[in-house]
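Residues 17 to 479 (this note's numbering) are what the sequence shown spells out, left to right. In this text, a Cβ means the ideal position worked out from N, Cα and C, and glycines have one as well. Below you'll find the structure, written out as structure tokens, and then a few comments.
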Amino acid sequence: MKRKLAIGILMVFAFAGGVGFVFGQDKPAQAPAAAGEAARAAEPASAASAPAPAPPKVDAGDTAWMLTSAALVLLMTPGLALFYGGMVRAKNVLGTIMHSFIIIAVISVQWVLFGYSLAFGPDLGGIIGSLSWVGLNGVGLDPNPDYGATVPHQIFMIYQAMFAIITPALITGAIAERMKFKTFLVFTVLWATLVYDPLAHWVWGVGGWMRNLGALDFAGGTVVHISSGISALAAAILVGRRRGFRTEAMAPHNLPMTITGAAILWFGWFGFNAGSAIASGKLAASAFVVTHLATAAAALSWVLVEWLYKGKPTTLGAASGAVAGLVAITPGSGFVGPMPALIIGFVAGALCYVGVVGKNKFGYDDSLDVVGVHGVGGTWGAIATGLFASRAINDAGANGLFFGNPGLLGIQVLAVLSTWVYAFVVTFILLKILDWTMGLRMSDEEEENGLDLSQHSETGYNF
Numbered sequence: 017m018k019r020k021l022a023i024g025i026l027m028v029f030a031f032a033g034g035v036g037f038v039f040g041q042d043k044p045a046q047a048p049a050a051a052g053e054a055a056r057a058a059e060p061a062s063a064a065s066a067p068a069p070a071p072p073k074v075d076a077g078d079t080a081w082m083l084t085s086a087a088l089v090l091l092m093t094p095g096l097a098l099f100y101g102g103m104v105r106a107k108n109v110l111g112t113i114m115h116s117f118i119i120i121a122v123i124s125v126q127w128v129l130f131g132y133s134l135a136f137g138p139d140l141g142g143i144i145g146s147l148s149w150v151g152l153n154g155v156g157l158d159p160n161p162d163y164g165a166t167v168p169h170q171i172f173m174i175y176q177a178m179f180a181i182i183t184p185a186l187i188t189g190a191i192a193e194r195m196k197f198k199t200f201l202v203f204t205v206l207w208a209t210l211v212y213d214p215l216a217h218w219v220w221g222v223g224g225w226m227r228n229l230g231a232l233d234f235a236g237g238t239v240v241h242i243s244s245g246i247s248a249l250a251a252a253i254l255v256g257r258r259r260g261f262r263t264e265a266m267a268p269h270n271l272p273m274t275i276t277g278a279a280i281l282w283f284g285w286f287g288f289n290a291g292s293a294i295a296s297g298k299l300a301a302s303a304f305v306v307t308h309l310a311t312a313a314a315a316l317s318w319v320l321v322e323w324l325y326k327g328k329p330t331t332l333g334a335a336s337g338a339v340a341g342l343v344a345i346t347p348g349s350g351f352v353g354p355m356p357a358l359i360i361g362f363v364a365g366a367l368c369y370v371g372v373v374g375k376n377k378f379g380y381d382d383s384l385d386v387v388g389v390h391g392v393g394g395t396w397g398a399i400a401t402g403l404f405a406s407r408a409i410n411d412a413g414a415n416g417l418f419f420g421n422p423g424l425l426g427i428q429v430l431a432v433l434s435t436w437v438y439a440f441v442v443t444f445i446l447l448k449i450l451d452w453t454m455g456l457r458m459s460d461e462e463e464e465n466g467l468d469l470s471q472h473s474e475t476g477y478n479f
């Protein structure tokens with residue numbers, strides 16, 4: 017069964033790659049028709065000598081910044097692996113890290129073969145991109161003015177690939193310590209194709225219906241965080257609780273690892289948000305500043321609320337608060353100023369803390385608090401963008417409620433609700449089908465032994 021699964025996955029990628037190769041070839045030059053030659057010969061000499069329009073020009077500074085930003089965003093996924101890895105029990109640390117690491121490989125291939133075309137290719141009805149760019153056909157080194165007028169198109173493509181990579185990795189925190197690895201691999205490819213790629217097109221793709229509506233999402237509040245947070249809720253419900261949930265101790269086994277992961281996320285997030293300016297300039301500088309301020313404010317507010325609620329502040333609380341702030345500022349990072357960023361961060365820290373603590377009342381086992389941090393934080397950030405957005409920060413955006421435009425808030429709420437419903441329903445259906453066909457959970461014995469031994473035949477620590 018395992019051999020058939022592996023062969024099947026490889027055949028899918030090989031077939032898609034073959035399609036991309038065929039469509040990606042340069043078309044041979046064809047001899048001009050005789051009628052065309054005659055028509056050109058009859059054209060006035062002045063028309064024949066008219067200069068061709070100048071091709072888009074690549075800016076070295078913008079290109080260097082986008083290369084750096086892509087590397088920073090890629091670094092976030094190993095940072096997430098450490099953040100999650102420290103929070104699970106020791107017997108599951110390698111399996112948890114492996115989830116994030118293997119996603120880098122899987123989604124990189126999916127993105128180049130067809131994911132990028134579905135997300136950013138020529139529009140089909142505002143819902144999805146066409147397959148015109150399958151296998152990177154037509155995605156070359158000249159700028160595409162729709163997505164980055166001063167950087168090579170392939171730079172924009174690989175930058176967006178890093179977003180596509182980290183988004184399904186976020187979901188893994190909700191199913192930590194209990195999902196079959198082979199099912200997880202299939203789910204990752206299907207989820208990226210059926211959930212992430214359409215949402216990316218809706219919000220960021222030229223012709224996407226949310227983009228046309230005027231919804232603002234600078235760096236992924238809806239596309240990345242709400243989609244992963246709400247999908248994590250569906251996953252936690254369907255995969256079920258861990259064995260011993262609420263009856264056995266399940267404390268984090270390595271908080272220094274988690275703090276290190278949070279620090280890497282904070283560092284890499286500057287590429288996530290400031291890089292979304294797709295240029296090195298004033299907007300990137302503004303996004304960089306507000307990202308840092310919101311993160312600091314959220315870390316403080318989470319710790320403060322935790323201190324009041326539990327009597328002592330914790331390092332896990334500081335790390336979680338920082339991530340909550342990063343999540344919340346993401347959609348508005350290119351549209352809000354420093355003072356609104358502080359407000360967004362302070363509210364995010366407290367709100368996400370309540371979201372994490374409140375999960376116990378609903379009974380689902382969101383192992384590493386994906387719903388409370390990314391679902392709640394992304395929702396607040398998208399709505400806050402509708403409150404605090406200002407054209408003084410980014411003239412390409414719109415003013416929010418507090419700057420005289422209540423309509424933007426309504427658009428943001430619609431975008432949030434649409435993302436909630438779409439992500440939850442499609443994820444639920446995907447997981448139901450996978451449960452019927454492959455099974456979602458490990459056996460009780462495998463879960464007791466841990467992911468490391470049962471799924472990978474190795475251990476994280478040999479003392």
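Going by C-alpha to C-alpha distance, which of L281, A190, F283, A265 sits closest to S244?
A190
Decide if the segment 365-384 is in contact with the segment 332-347; the criterion is three or more beta carbon pairs, one per stretch, under 8 Å apart.
yes
Strictly by DSSP, which residues pair up with L403?
Answer is none; L403 lacks a bridge partner.
Quick check: the Cα distance between V432 and T238, rounded to an integer number of angstroms?
7 Å
For W127 and W323, what's the separation of their Cα atoms in angstroms?
43 Å
When the Cα of T183 is compared with those of G413, E474, F288, R194, which residue comes out closest?
F288
Considering just the uninterrupted stretch of the alpha helix (DSSP H) at T199, what are its terminal residues?
197-207
List the DSSP bridge partners of G145.
D139
Should A315 be listed as close to the ligand ATP, given that the test is whether its C-beta is under 6 Å from any heavy atom?
With respect to the ligand ATP, the structure shown offers nothing to examine, as it has no ligands at all.
Helix, strand or coil for R262 per DSSP?
coil
Reducing DSSP to helix, strand and coil, say where G277 ends up.
helix
Pairwise C-alpha distance: L271 and I347
Residue 347 is actually Pro in this sequence, not Ile. Their Cα atoms are separated by approximately 29 Å.
Quick check on this structure: which residue in I275, F362, I171, G413 has the alpha carbon closest to the alpha carbon of L320?
F362
Beta-carbon proximity check, G112 vs A250, cutoff 7 Å:
Note that residue 112 is Thr in the sequence shown here, rather than Gly. No, the pair does not count as a contact, with Cβ atoms beyond the cut-off.
Counted within 10 angstroms of its Cβ, other Cβ atoms place A135 as buried (16 or more) or exposed
buried
N415 in three-state terms, based on DSSP:
coil
Contacts around A222, its chain only, beta-carbon distance under 7 Å, and the 5 residues preceding and following it disregarded:
Per the sequence shown, the amino acid found at residue 222 is Val instead of Ala. These residues qualify, in order along the chain: D139, D162.
Closer than 8 Å is the cut-off here; do at least three beta carbon pairs connect the segment 198-217 with the segment 264-282?
no
How about the segment 409-425 and the segment 205-217: do they share at least three Cβ pairs that are nearer than 8 Å?
no
Buried versus exposed call for V89 [16 or more other C-beta atoms within 10 Å across all chains shown]:
buried
So, with DSSP's three-state summary, where would you put N160?
strand
Are A252 and D382 close, meaning C-beta to C-beta below 7 Å?
yes
Could you give the first and the last residue of the continuous alpha helix (DSSP H) run that contains G131?
Unbroken run through G131: none, as it is neither H nor E.
T401 versus A408: straight-line alpha-carbon distance, rounded:
14 Å
Inter-residue spacing [alpha-carbon to alpha-carbon] between T204 and L254
16 Å
Pick from A398, A334, G102: whose alpha carbon is nearest that of Y485?
Any property of residue 485 remains undetermined from this structure, which presents the chain solely from 17 to 479.
If you draw a straight line from the C-alpha of H115 to the C-alpha of A185, how long is it?
7 Å
Answer with buried or exposed for R262, where buried requires no fewer than 16 other C-beta atoms within 10 angstroms of its C-beta.
exposed
Quick one: what's R457 bridged to in DSSP?
M195
If you pair each beta-carbon of the segment 216-231 with each one of the segment 446-462, do three or more pairs fall below 8 Å?
no
Could you tell me whether the segment 73-84 touches the segment 156-171, where touching means 3 or more Cβ pairs closer than 8 Å?
yes
Using 8 Å as the cut-off, can you tell me whether the segment 326-336 makes contact with the segment 351-359, which would need three or more C-beta pairs spanning the two stretches below that distance?
no
Counting only the same chain and skipping the five closest in sequence on each side, list residues whose C-beta sits under 8 Å from that of E474.
L110, D468
Endpoints, the alpha helix (DSSP H) within which A250 is located
243-255
Exposed or buried, D213, counting other C-beta atoms within 10 Å across all chains shown (16 or more means buried)?
buried
Would you mind stating whether I187 and A97 have Cβ atoms separated by less than 7 Å?
no
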